[in-house]
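Peer 1: Chains as they are written, first to last, in the numbering used here: chain B, 1 to 197; chain P, 1001 to 1197. Let me begin by handing over the structure; questions about it come next.
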DNA sequence: GTCTATAGTAGGATAGAC
DNA sequence: GTCTATCCTACTATAGAC
């Protein structure tokens, strides 16, 4: 298989997935027809189906991108030195997401989709777990550095508290998508104030 | 308009809405066809459409029921004497919801629907606001009784903290729906531990 | 690989008898 | 008010030319 062709194929897939994301952002997953994605991509039905076998495959591709980027962001954050306080995690996660997506709407739609679609649900579940894991490690490391805890004790604290940080992000997504005059800045400040230090 | 007819009409609407809820619980909103709702209700298409003009109207009816019951529960809770501590609110809300719905899945689907459907979004937004308001009043009252705060100070604290309690519930709904082996009991214990007292 | 045109199908809604 | 039968729209996916 020649190298140029493979690169071209990947580029096309990316191009199509980007167009799909733009369309989904406007109208959601099921409200968006293949015709709209096709039009957004500036291609034709045949061209799209040559790269993705179905609309669901396209949804999965887009979802995987969003999600993998998010987890990578956190993992990257855990490598920083000095480490920001864990209470700053929700803000960083939320801001990264908005930078990439424009709005958290798509995330909420994805969750709704996951309820009835086992494939999407498996993906979403793995994300929540990966996010909790990486946040837990982050908290553990922070506790050891900042408060001199032993690694066992710090790990336990990280496992326990990680759920709180993840919850803060999830609730931000819900409220930012649903409440028209949601004050994200105020929400984040309150969470930072009450989350453990 | 004779009284008997009106009562009958309401009873039928309730019957249909209940059947729709059962169907939605299994497969979600859009994955459920009118045929399934019709079958679940043991009626026919004509009978259903005589009471609800469209599938969307049926979704709205079901959503309104779920949501109004939830808000009423909190309002009722606020009248109790002695008042349970505010940190117990998420557990009570979650348990009430599960008693009524079986699982929080439908709630998450509703949120997903809200992203693209303005009518549903308006409903969901009003619920979040009503919930925050009633929880805020609850916290305020609790702070005055338990810690002797002045009403202005207590109100401010209630407004600030209410978002935390609502967030705990929202995140429970997300995780319980998405993560197969989600440990709700452990989640609630952790939230209760860290939520303000 | 990509296009146009279309096949195939599912599901929401309605018409008209009773 | 309710039932049966059916229409019609909208969508995904494919077939075949270039």
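Every residue, glycine too, gets a C-beta built ideally from N, C-alpha and C. These numbers come from a predicted model, not from an experiment.
Just how far apart, CA to CA, sit residue 1035 of chain P and residue 1019 of chain P?
Peer 2: Their Cα atoms are separated by approximately 12 Å.
Peer 1: Which value, in whole angstroms, describes the spacing of the CA atoms of residue 1128 of chain P and residue 1139 of chain P?
Peer 2: Roughly 16 Å between the two C-alpha positions.
Peer 1: So, does the CB of residue 194 of chain B fall closer than 7 Å to a CB anywhere in chain P?
Peer 2: True, the Cβ-Cβ gap to chain P drops below 7 Å.
Peer 1: Out of curiosity, what's the CA-to-CA distance linking residue 104 of chain B and residue 1172 of chain P?
Peer 2: Each residue's Cα considered, the two are about 18 Å apart.
Peer 1: Residue 90 of chain B and residue 165 of chain B - do their beta-carbons sit closer together than 7 Å?
Peer 2: Yes, these two residues count as a Cβ contact at 7 Å.
Peer 1: Can you check whether the C-beta of residue 1142 of chain P is within less than 7 Å of a C-beta belonging to chain B?
Peer 2: Chain B, which has no Cβ nearer than 7 Å to the Cβ of residue 1142 of chain P, makes this no.
Peer 1: Counting only beta-carbon atoms, is residue 27 of chain B nearer than 7 Å to chain P?
Peer 2: Yes, contact with chain P.
Peer 1: Using 7 Å as the limit for Cβ to Cβ distance, is residue 1116 of chain P near chain B?
Peer 2: For residue 1116 of chain P, the answer is yes, since a Cβ of chain B falls inside 7 Å of its Cβ.
Peer 1: Quick check on DSSP: helix, strand or coil for residue 1128 of chain P?
Peer 2: It is helical.
Peer 1: Could you tell me whether the stretch 108-119 of chain B touches the stretch 1105-1115 of chain P, where touching means 3 or more Cβ pairs closer than 8 Å?
Peer 2: Touching, yes.
Peer 1: Below 8 Å between beta carbons is the criterion; list the residues of the stretch 117-132 of chain B that meet it against any residue of chain P, in chain order.
Peer 2: So the list reads 121, 124, 125, 128 and 129, given in the order they occur along the chain.
Peer 1: Quick check on this structure: which residue in B/143, B/12 and B/98 has the alpha carbon closest to the alpha carbon of residue 52 of chain B?
Peer 2: Minimum Cα distance to residue 52 of chain B is reached at B/12.
Peer 1: Any Cβ of chain B within less than 7 Å of the Cβ of residue 1190 of chain P?
Peer 2: It does: the Cβ of residue 1190 of chain P has a partner Cβ on chain B nearer than 7 Å.
Peer 1: Are the Cβ atoms of residue 1132 of chain P and residue 1162 of chain P separated by less than 7 Å?
Peer 2: Contact: yes.
Peer 1: Would you please state the rounded distance, in angstroms, between the beta carbons of residue 156 of chain B and residue 144 of chain B? I believe it to be under 8 Å.
Peer 2: In fact, because the Cβ distance is near 12 Å, the residues do not count as touching under 8 Å.
Peer 1: Shortest alpha-carbon distance to residue 1043 of chain P belongs to which of P/1066, P/1017 and P/1074?
Peer 2: Comparing Cα positions, the closest option is P/1017.
Peer 1: Using beta carbons (cut-off 7 Å, strictly below), is residue 1098 of chain P in contact with chain B?
Peer 2: No, residue 1098 of chain P does not count as interfacial toward chain B.
Peer 1: Under 7 Å, do residue 1038 of chain P and residue 1023 of chain P count as touching if we go by C-beta distance?
Peer 2: In this structure, residue 1023 of chain P does not lie closer than 7 Å to residue 1038 of chain P by Cβ.
Peer 1: When you check each C-beta in the stretch 1144-1170 of chain P against every C-beta of chain B, which residues fall closer than 8 Å?
Peer 2: Cβ contacts with chain B: 1160, 1161, 1163, 1164, 1166, 1167, 1168 and 1170.
Peer 1: State the DSSP-derived secondary structure class of residue 120 of chain B, mapped to helix, strand or coil.
Peer 2: DSSP places residue 120 of chain B in helix when its eight states are reduced to three.
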